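What follows is one structure encoded as structure tokens, with my remarks underneath.
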Amino acid sequence: MILSRKFVSDYIELDDNLSIDKIASDMTSVGNEYDKCGKLIEADNLVIGEIIECNDHPDSDHLHVCKVNIGSEVLQIVCGAQNARVGIKVIVALVGAKLPEITIKKGVIRGVESNGMMCSIKELGLEHKFLRPEDIEGIAELGSDAIIGEDPIKYLELDDEIIDFELTANRGDLLSVLGLAYELGAIYDKKVKDIDLSYTESNNDISDDFGIDVQTDNCRLLLTKKVSNVVIKESPTFIKNRLMACGIRPINNVVDISNYVMLETGQPLHFYDANTLGKKLIVRMAEAGEKLTTLDNIERNLDENDIVIANENGAVGLAGVMGGLNTEVIDNTTDIIIESAIFDAVKVRKTSKKILRSEASNRFEKGLDPKRTYMAIERACHLLELYANGNVNKGMLVFDKTEKEDKVIAITVKNINDVLGTNLDVKIVIEVFNKLGFSATNNADNITVTVPTRRIDISIKEDLIEEVGRIYGINNIEGKLPKLAIKQGSYDKRTRQIRNKLVDLGLNEVLTQIFLNDEVANKYIENNYEIVKLLDPLSIEKNALRYSLIPSLLKVYEYNKDRNLKDITIFEMAKGFYKKDDKFGEDNKLCILMSGEYYLELGNKKQVDFYIIKGIIEELLHFLGFNNRYSFIANNIPTYLHPGRSAVINLSGRDIGIIGSIHPSIAKDVYVAEINLDKLFENRVSKLKYKEISKYPSIVKDLAFIVKKDITSEEIMKVIKKAGGKLLTNIEVFDLYTGTNVETHEKSIAYSLTFLDMTKTLSDEEVMVVFNRIIAEVESKLGAKLRDR
Amino acid sequence: MREEIKNLKEELIQKLNNINSLKELNDLKVEYFGKKGPITEISSKMRDLSIEEKKEIGMLLTDLRNETTNLFDSLKEKLETDALNKKLESERIDISLPSTKIKRGSKHPMSLTIEAIEDLFVSMGYDVVSGPELESDEYCFERLNLPKGHPARDMQDSFYITDEYLLRTQTSSVQARYMMSQEEKKPIRIIVPGKTYRREDDATHAPQFSQIEGLVIDKKENNVSLADLKGTLEVFARKMLGENLDLRFRPSYFPFTEPSYEVDVTCFKCGGKGCSLCKQTGWIEVFAAGMVHPNVLRMNGYDPDVWGGFAFGPGWDRITMFRYEIPDIRLMYQNDIRFLSEFDRKDEN
């Protein structure tokens with residue numbers, strides 16, 4: 037809603053020295069934000085002049101050299117407009133004038149001096165939609181009554197100031213000049229003036245040849261009046277200018293009056309040509325498949341959720357949204373039917389969302405005051421009589437199921453002070469209510485407030501508290517911290533522990549979007565899970581939600597690789613979404629992606645491989661307390677991973693994630709790991725406590741086995757561990773060898789075994805017994821040969 | 039014999055002065071003090087002497103030994119030090135060559151921000167809680183006093199996945215969830231950081247962004263008021279964005295709070311004078327806040343005659359951008375390694 041200072045001044049007296057900026061900032065501090073504020077016409081140094089001489093430019097076929105009398109002097113101005121001629125009064129922009137698109141400088145145009153510019157209306161900066169062809173083509177021609185030397189903006193009555201408000205959804209009442217007047221009245225403690233609703237009625241009665249029929253509960257109030265013999269012409273200047281100031285294009289006096297009244301009262305009206313409308317106005321729900329051509333000449337398809345206005349032949353308007361083309365007021369219209377009504381806000385909202393958001397629908401959606409519905413129709417009659425020579429017919433057809441009682445709300449001063457944290461007394465509180473135009477009576481600290489129906493947003497105590505806070509001014513309230521019982525705050529430390537560990541290990545944390553294409557998402561889903569798709573996505577590229585974070589991190593990888601950043605070690609913790617057995621779910625996940633170089637020593641750089649990312653996961657799991665409880669199993673590898681360089685991560689017998697190389701058909705030399713954190717956290721971790729260190733020395737023995745290539749180190753270690761018993765306290769792999777002296781289908785793996793007894797110093801003989809048992813077991817169970825024997 | 043000892047001594051000192059290496063030194067020692075050396079020879083001749091002479095010669099020999107041994111030792115030490123220094127010199131490395139890089143990780147700036155915020159609120163007795171991102175219409179809207187068809191739903195165009203389920207548009211959904219989850223209605227002091235989603239994608243709006251919800255509910259007699267909300271947000275803003283900031287409350291409208299406010303903070307770029315960041319206003323909008331609407335309390339099982347409180351919600355992305363002067367939200371979701379690596383150290387705040 038745009039506030040026009042001239043318009044609102046009809047209803048409230050604003051001090052001349054109150055600047056528009058101050059009004060805007062005062063309105064902001066009571067909760068009404070604005071987008072723009074300033075003069076309607078941002079142009080200065082303009083005067084009215086008269087062309088007293090107009091000669092062709094000696095060096096041009098279209099320029100004129102004019103002498104322009106501006107009162108104080110006569111200026112020579114070179115002008116290219118075709119309509120420049122002696123005797124017309126014009127708008128002169130003096131040297132130094134700032135117009136919205138240009139600053140006027142003294143100049144020489146093809147050898148002739150020019151001291152200023154004669155302007156078109158367009159150059160003043162009015163919005164393009166308001167301009168007529170003559171406003172754009174030539175220089176503006178002012179009437180003969182324009183006084184030379186005076187301000188042309190004032191002469192054109194465009195010397196207005198505006199504030200373009202961005203109002204909150206609850207303040208439908210402010211979508212009207214009257215509403216803004218009441219709000220300003222509350223701020224500046226001024227009374228709102230009465231609106232003129234007077235007119236005379238002819239002897240013709242509307243009900244003689246017209247009737248209404250409301251067939252749906254979605255219309256609670258319908259009023260119609262008839263005005264005959266209107267003369268369609270241009271609107272008076274003040275109506276045109278105020279409509280333009282408020283962003284509405286003037287059309288003709290009758291149409292303009294319906295918009296003018298909507299701006300004044302907030303109640304949208306519709307005017308029908310009485311002849312094309314016929315004898316009856318019906319309000320009903322549209323039938324499925326019903327069609328209507330609206331004012332903008334577009335055929336609309338309607339359904340049972342649209343409220344329509346109809347005559348006996350069919351729909352003639354979309355209630356609350358837009359009128360129909362065939363009952364429009366046109367140049368030869370003489371008699372009109374005025375409709376002023378309240379339609380269901382939710383229904384109008386739905387229809388307008390589908391068809392078109394209009395000034396009218398915006399007001400219906402936010403809710404209307406039934407008293408204004410009556411006021412608006414009377415106001416329209418008043419203006420039509422005055423500016424369209426209309427004869428208002430006697431009588432009004434009324435269908436009314438609305439409540440029009442003012443709301444009465446009881447509140448105490450304590451209620452207010454408790455919520456606001458203030459110490460206001462009853463006098464100040466009542467003063468605030470009176471400023472707002474609410475009547476308030478009190479018995480000690482108990483106040484009874486009567487809220488006028490125009491404030492549809494107010495219905496409970498808390499709404500009144502908000503009003504007091506608004507008008508009293510929250511910036512007058514001193515902030516303090518709540519006095520509450522001391523209590524320990526808590527948070528889930530685990531996410532932070534993981535983040536810290538991974539950052540310590542040299543990984544960069546990333547933040548990606550959950551949206552992606554469904555076909556991509558589907559490649560990274562588990563069995564029995566379905567991808568979640570959006571009903572109304574922004575684009576096909578973002579029509580689904582990821583289950584795995586891998587595709588998101590791959591995108592980050594691609595992004596960086598394209599910028600020649602190749603060493604990428606990243607992780608993210610975020611949700612993965614799925615549908616399973618018709619239920620939606622989300623899992624907390626950790627995903628790691630590594631590529632490029634990880635260990636960076638001059639002359640000895642290490643490319644990321646499986647064992648590096650495995651090391652990262654082991655470090656993490658160990659840190660989280662899961663030592664000796666996890667394993668990597670090379671089974672059930674998902675299709676997006678390299679089948680021979682990947683594994684499932686298993687914790688305490690349950691799969692919690694995957695690790696490995698991305699399948700080379702997707703990306704080369706990229707390693708990922710993904711862990712379901714919800715599954716991980718289901719495992720409890722024992723308390724960390726000191727374990728005794730042996731006082732006795734340990735004995736370390738190395739050995740190497742030659743085994744078939746497909747035997748895994750893990751299998752060998754299992755056998756060693758079992759054979760080693762209690763004395764074997766640690767096993768490390770320290771070498772892997774294939775090549776000379778080892779057959780091609782075999783490999784050599786070397787282990788370093790640590791033996792220790794907690795109770796005594798071990799003798800070499802004791803160790804050798806165990807050591808030999810280990811060798812025998814590995815040889816017999818796995819067909820291994822001890823190397824170098 | 040006396041003469042002999044004296045000459046021997048002079049000769050030895052002379053020779054010691056010309057020694058250049060440990061080997062020469064050792065050879066010299068063997069030459070003079072060895073079994074076949076002149077000193078041993080003199081000693082062996084001593085047995086033919088008288089007692090007085092033995093005494094005298096003995097003393098002279100001891101003198102000789104002591105004096106030359108000292109010379110031997112100090113020369114040896116010097117030669118050893120020289121040799122070590124020479125060896126170390128040969129081991130000199132170019133310390134300006136690059137170090138072995140321990141790969142340097144980094145937290146995302148959003149994480150740096152939330153860790154600081156969590157620490158602040160936990161210190162004031164708040165619990166940090168979370169809730170689902172796939173949310174029902176009931177919890178995202180209806181239980182927050184936003185029935186179907188409410189015009190304020192327009193402020194939050196949503197991604198629905200069915201008629202009833204959507205991606206939450208606001209972390210406020212967790213308000214309802216948390217209140218409902220309290221079997222025995224107890225005071226609440228929580229913050230809820232999390233991702234939120236709205237169906238918009240333009241220069242200033244991304245479909246995915248993040249919020250931090252704060253909710254305090256207590257018995258009416260404890261009087262959690264707007265003044266307390268104001269004080270809490272003052273602490274929040276000053277700790278997270280700058281100690282000298284002022285706050286400006288503007289009345290606004292949200293269906294779940296009454297009264298509702300939008301809260302501006304002194305523009306930290308220009309200090310309130312007006313600049314491009316604050317669009318010349320001197321203020322930056324940071325919080326949405328208000329007193330919990332009685333309908334919200336009632337709908338989630340808290341009797342509004344007994345309980346009251348406040349809620350607030352700053353944009354997590356915005357606070358992060360302000361803290362680190364990140365000019366464009368897209369930078370935070372692009373994950374350029376160069377951008378991420380800028381956050382590889384501790385944050386002073």
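Just so you know, the protein sequences line up as chains P and G, in that order. Converting from the first sequence to our numbering requires adding 36 to each position, the first position being numbered 1. Converting from the second sequence to our numbering requires adding 38 to each position, the first position being numbered 1. We put the beta carbon where it would ideally sit given N, CA and C, even for glycine. Owing to the predicted nature of the structure, the values given are computational and were not obtained by experimental measurement.
Check the Cβ of residue i against every Cβ in chain P and list those closer than 8 Å, keeping chain order.
i, result
"leucine 378 of chain G", "Asn544, Glu545, Val546, Ile606"
"histidine 331 of chain G", "Glu498"
"aspartate 239 of chain G", "Leu574"
"arginine 359 of chain G", "For the sequence presented, residue 359 of chain G should be read as methionine rather than arginine. Ordered by position in chain P, no residue passes the 8 Å Cβ test against methionine 359 of chain G, which lies about 13 Å from the chain."
If you run the structure through DSSP and keep just helix, strand and coil, what is residue i?
i, result
"proline 365 of chain G", "coil"
"aspartate 292 of chain P", "helix"
"arginine 825 of chain P", "In this prediction, arginine 825 of chain P has a pLDDT of 49, which is less than 50 and means its spatial position is unreliable; what the coordinates show is noted afterwards. Reduced to three states, the DSSP call for arginine 825 of chain P is coil."
"tyrosine 787 of chain P", "strand"
"isoleucine 375 of chain G", "helix"
"isoleucine 692 of chain P", "strand"
"histidine 678 of chain P", "strand"
"valine 114 of chain P", "strand"
"isoleucine 510 of chain P", "helix"
"glutamate 827 of chain P", "Residue 827 of chain P is absent from the model: chain P starts at 37 and stops at 825."
"glutamine 246 of chain G", "strand"
"glutamate 42 of chain G", "helix"
"histidine 93 of chain P", "coil"
"valine 444 of chain P", "strand"
"proline 297 of chain G", "strand"
"methionine 218 of chain G", "helix"
My understanding is that residue i touches residue j, with C-beta atoms under 8 Å, so please give their C-beta distance in whole angstroms.
i, j, result
"valine 814 of chain P", "valine 755 of chain P", "5 Å"
"glycine 347 of chain G", "valine 254 of chain G", "5 Å"
"asparagine 341 of chain P", "lysine 383 of chain P", "6 Å"
"methionine 37 of chain P", "leucine 203 of chain P", "6 Å"
"leucine 111 of chain P", "arginine 146 of chain P", "No, leucine 111 of chain P and arginine 146 of chain P are not in contact; Cβ-Cβ is about 18 Å, not under 8 Å."
"isoleucine 586 of chain P", "valine 546 of chain P", "Between valine 546 of chain P and isoleucine 586 of chain P the Cβ distance is about 13 Å, and since that is not below 8 Å, they are no contact."
"asparagine 265 of chain P", "glycine 161 of chain P", "The pair is not a contact, with the Cβ atoms about 39 Å apart (cut-off 8 Å)."
"proline 286 of chain P", "arginine 399 of chain P", "Going by Cβ atoms, the distance from proline 286 of chain P to arginine 399 of chain P rounds to 20 Å, so no, they are not a contact pair."
"arginine 535 of chain P", "aspartate 209 of chain P", "Not a contact, Cβ separation roughly 50 Å."
Is it buried or exposed, residue i, if we count other Cβ atoms within 10 angstroms and call 16 or more buried?
i, result
"proline 245 of chain G", "buried"
"leucine 126 of chain G", "exposed"
"tyrosine 70 of chain P", "buried"
"glutamate 173 of chain G", "buried"
"threonine 409 of chain P", "buried"
"glycine 761 of chain P", "exposed"
"glutamate 854 of chain P", "Residue 854 of chain P lies beyond the residue range present for chain P, which begins at 37 and ends at 825; the question has no answer from this structure."
"glutamine 213 of chain G", "buried"
"aspartate 266 of chain G", "buried"
"threonine 107 of chain G", "exposed"
Determine the chain P residues that contact residue i at a beta-carbon separation under 9 Å, and present them in chain order.
i, result
"aspartate 385 of chain G", "Going along chain P, no residue has its Cβ under 9 Å from aspartate 385 of chain G, so there is no contact; the nearest lies around 13 Å."
"tyrosine 198 of chain G", "Leu570, Leu571, Asp572"
Less than 7 Å between the CB of residue i and some heavy atom of the ligand COA, yes or no?
i, result
"glutamate 251 of chain G", "The ligand content of the structure shown is nil, which means the ligand COA is not present either."
Could you work out which residues of chain G lie near residue i, taking near to mean beta carbons separated by less than 7 Å?
i, result
"leucine 354 of chain P", "Chain G residues near leucine 354 of chain P: none, gap ~17 Å exceeds 7 Å."
"serine 65 of chain P", "Arg288"
What residues from chain G crowd round residue i, counting only those whose CB sits closer than 8 Å?
i, result
"tyrosine 595 of chain P", "Gln372, Asn373, Asp374"
Discussion item. Three Cβ pairs or more, each shorter than 8 Å: is that satisfied between the stretch 288-295 of chain G and the stretch 311-320 of chain G?
Written reply: no
Discussion item. Would the stretch 51-65 of chain P count as touching the stretch 215-225 of chain P if we require 3 or more Cβ pairs under 8 Å?
Written reply: yes
Item to complete: Spell out a yes or no on whether the stretch 65-78 of chain G and the stretch 768-785 of chain P are touching, meaning 3 or more CB-CB pairs, one atom from each, closer than 8 Å.
Response: no
Practice prompt. May I ask you to verify whether the stretch 352-371 of chain G touches the stretch 151-168 of chain G, counting CB pairs closer than 8 Å and requiring at least 3?
Written response: yes
Practice prompt. Please determine if the stretch 400-419 of chain P and the stretch 228-245 of chain P are in contact, where contact requires at least 3 C-beta pairs separated by less than 8 Å.
Written response: yes
Item to complete: Count the CB pairs spanning the stretch 273-288 of chain P and the stretch 322-338 of chain P that are closer than 8 Å, and state whether there are at least three.
Response: no
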